[in-house]
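Peer 1:
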Ligand code: UDP
């Protein structure tokens with residue numbers, strides 16, 4: 556299979572590229588490096604079946620060529636992280652909606668399959684867990700910027716399903732829950748890499764609010780295997796699937812576990828939300844997927860539990876911090892070539 560990954564130099568995109576290459580597929584990754592990084596794909600440089608294109612999905616002429624080449628498009632390019640979305644809402648909304656339109660239009664005129672990476676954010680602030688794919692979405696007021704992200708991703712889902720119904724474009728929608736693993740940067744405020752780096756440096760571990768909010772964290776390897784399997788399963792077409800882990804944990808307990816696993820002297824501090832995200836911020840109190848649907852179709856089960864995920868992420872950041880590896884890899888000359 557020939558696979559085009561938008562956002563292919565991002566955290567999840569780069570792991571997906573690896574997974575697809577391992578399965579024998581050819582992969583083209585397109586990324587504008589707004590939040591992705593060459594370091595994430597440097598190790599794929601020598602793979603004959605891998606190519607990287609540095610450009611934006613909004614370049615229609617280029618996308619027409621890439622979609623023509625591909626059998627399936629994994630559309631992962633999107634604004635990442637609540638922090639970025641709150642700080643740059645216009646960019647986030649435009650990236651999400653416009654890029655999705657381009658991908659769907661190109662796929663429609665060429666009869667290609669699209670796997671759209673959506674997000675558990677679309678469930679909004681409902682506390683009725685676990686979240687099922689056919690649940691109502693409960694979003695907050697429009698003057699609370701956080702919800703623009705959920706709304707733009709929900710719009711992507713509506714668009715994808717409309718292209719399926721109107722033009723028969725085979726689309727699959729995956730709602731990703733909090734994904735964790737190597738290469739996830741702390742730059743956009745994601746909680747686990749942030750806590751791990753704070754703990755390793757002996758800095759205060761910053762729990763937002765009272766830390767009673769919950770999440771369920773999934774190993775990136777499990778997530779990308781699910782995405783690859785969903786893209787290949789004919790019965791997944793036209794449907795929405797939760798992808799994640801259902802091991803629920805309070806954020807304050809994540810802080811304590813990371814502190815214990817790193818044997819860190821760091822203090823755990825509680826920071827009011829408005830100091831981080833400004834006023835009008837609303838968090839999701841709980842977030843847990845119901846995995847029945849994806850388990851029934853492709854037999855998916857997360858394989859790595861939180862304790863092991865934390866150990867692996869800690870080991871990864873220890874290595875990075877000890878060797879300064881990321882900086883060195885960033886500086887390495889990388890063979891870039893575009894489709895032009
Ligand atoms: N969080 C935290 N401290 C941090 C970063 C995040 O307490 O330094 C909290 C955040 O407020 C949220 C949870 O951890 O309640 C998960 O945040 P993240 O940005 O990783 O993902 P989200 O689930 O919000 O998309």
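Residue numbers (my numbering): 556 to 895.
By construction, the Cβ of each residue, glycine as well, lies at the ideal position given by its N, Cα and C atoms.
Look at residue 777 and residue 844 and say whether their C-beta atoms are less than 8 Å apart.
Peer 2: As a position in the chain shown, residue 777 is number 222, starting the count at 1. As a position in the chain shown, residue 844 is number 289, starting the count at 1. Cβ atoms of residue 777 and residue 844: not closer than 8 Å.
Peer 1: Quick one: grab the DSSP three-state call for residue 637.
Peer 2: One-based indexing of the chain shown puts residue 637 at position 82. It is helical.
Peer 1: CB residue 730 to CB residue 674, shorter than 8 Å?
Peer 2: For the purposes of this step, residue 730 is taken as the residue at position 175 of the chain shown. For the purposes of this step, residue 674 is taken as the residue at position 119 of the chain shown. It is a contact, given that the beta carbons lie within the stated cut-off.
Peer 1: Grab me the residues of residue 712's own chain with a C-beta within less than 6 Å of its C-beta, minus the 5 sequence neighbours each way, in chain order.
Peer 2: For the purposes of this step, residue 712 is taken as the residue at position 157 of the chain shown. Same-chain partners within the cutoff: 673, 728.
Peer 1: Taking 8 Å as the cut-off, does the segment 586-602 touch the segment 701-711 (at least 3 CB pairs, one atom from each stretch)?
Peer 2: At 8 Å Cβ cutoff, the stretches do not touch.
Peer 1: What are the start and end residues of each continuous alpha helix (DSSP H) run of 4 or more residues lying completely inside the segment 638-696, in chain order?
Peer 2: Segments of the alpha helix (DSSP H) lying fully in the segment 638-696: 644-665.
Peer 1: Go ahead and pull the three-state DSSP assignment for residue 747.
Peer 2: The residue you call residue 747 lines up with position 192 of the chain shown. Looking at residue 747 - three-state DSSP - the assignment turns out to be helix.
Peer 1: Could you work out which residue in 739, 556, 610, 658 is closest to residue 595 when comparing CA atoms only?
Peer 2: In the chain shown, residue 595 corresponds to position 40, counting from 1. Of 739, 556, 610, 658, the residue nearest in Cα terms is 739.
Peer 1: Using DSSP bridges, identify the partner residues of residue 624.
Peer 2: On the chain shown, residue 624 is found 69 positions in, with the first residue counted as 1. Note: residue 624 sits in no beta bridge, so no partner.
Peer 1: Does ligand 1 have a heavy atom nearer than 7 Å to the CB of residue 869?
Peer 2: On the chain shown, residue 869 is found 314 positions in, with the first residue counted as 1. Checking every heavy atom of ligand 1 against the Cβ of residue 869, none is found closer than 7 Å.
Peer 1: Run the proximity test for residue 761: is its beta-carbon closer than 7 Å to any non-hydrogen atom belonging to ligand 1?
Peer 2: The residue labelled residue 761 in the question sits at position 206 within the chain shown. The answer is yes for residue 761.
Peer 1: Which one or two residues does DSSP pair with residue 797 in a beta bridge?
Peer 2: Stepping through the chain shown from its first residue, residue 797 is reached at position 242. Note: residue 797 sits in a beta bridge opposite 730.
Peer 1: How is residue 831 classed by DSSP in three states: helix, strand or coil?
Peer 2: Taking the first residue of the chain shown as position 1, residue 831 is located at position 276. Three-state result, residue 831: helix.
Peer 1: What does DSSP give as the partner residues of residue 609 in its beta bridges?
Peer 2: On the chain shown, position 54 is the one that residue 609 refers to. Answer is 586.
Peer 1: Indicate the three-state DSSP secondary structure (helix, strand or coil) for residue 632 in the structure shown.
Peer 2: Numbered from 1 along the chain shown, position 77 holds the residue referred to as residue 632. DSSP places residue 632 in coil when its eight states are reduced to three.
Peer 1: Less than 7 Å between C-beta atoms, sequence neighbours within five positions excluded: which residues of the same chain meet that for residue 615?
Peer 2: Sequence index remark: in the chain shown, residue 615 carries index 60 (1-based). So the list reads 657, once near-sequence residues are dropped.
Peer 1: Assuming residue 768 contacts residue 806 under a Cβ cut-off of 8 Å, what Cβ separation, rounded to an integer in Å, is found between them?
Peer 2: Position 213 of the chain shown, counting from 1, holds the residue named residue 768. Position 251 of the chain shown, counting from 1, holds the residue named residue 806. Right, their Cβ atoms sit about 5 Å apart.
Peer 1: Can you say whether residue 587 is buried or exposed, counting buried as having 16 or more other CB atoms within 10 angstroms of its CB?
Peer 2: Position 32 of the chain shown holds residue 587. Buried, because 16 or more other Cβ atoms sit within 10 Å of the Cβ of residue 587.
Peer 1: Could you say which of 816, 746, 686, 576 lies nearest to residue 849 if we only look at CA atoms?
Peer 2: Looking up residue 849 in the chain shown gives position 294. For residue 849, the nearest C-alpha among the options comes from 686.
Peer 1: Could you tell me the distance, in whole angstroms, from the CA atom of residue 670 to the CA atom of residue 570?
Peer 2: Counting from 1 along the chain shown, the entry for residue 670 is found at position 115. Counting from 1 along the chain shown, the entry for residue 570 is found at position 15. Approximately 16 Å between the Cα atoms of the pair.
Peer 1: At a threshold of 7 Å, does residue 734 count as lining ligand 1 (C-beta to nearest heavy atom)?
Peer 2: Numbered from its first residue, the chain shown carries residue 734 at position 179. False, no ligand heavy atom lies under 7 Å from that Cβ.
Peer 1: If we count the other Cβ atoms within 10 Å of its Cβ and call it buried at 16 or more, is residue 847 buried or exposed?
Peer 2: Residue 847 sits at position 292 when you count from the first residue of the chain shown. Exposed, by the Cβ-count rule.
Peer 1: I'd like to confirm something about residue 794: is its beta-carbon nearer than 7 Å to some heavy atom of ligand 1, or not?
Peer 2: Taking the first residue of the chain shown as position 1, residue 794 is located at position 239. For ligand 1, not one heavy atom lies less than 7 Å from the Cβ of residue 794.
Peer 1: By the 10 Å Cβ neighbour count, where 16 or more other Cβ atoms means buried, how is residue 892 classified, buried or exposed?
Peer 2: Looking up residue 892 in the chain shown gives position 337. Confidence at residue 892 is low in this model, with a pLDDT of 43, below 50, so its placement is unreliable and the value that follows should be read with caution. Flag for residue 892 reads exposed.
Peer 1: Report back the beta-carbon spacing between residue 791 and residue 852 to the nearest angstrom; my notes put them in contact at under 8 Å.
Peer 2: Locating residue 791 in the chain shown gives position 236, counting from the first residue. Locating residue 852 in the chain shown gives position 297, counting from the first residue. That belief holds up - the Cβ atoms of residue 791 and residue 852 are roughly 6 Å apart, short of 8 Å.
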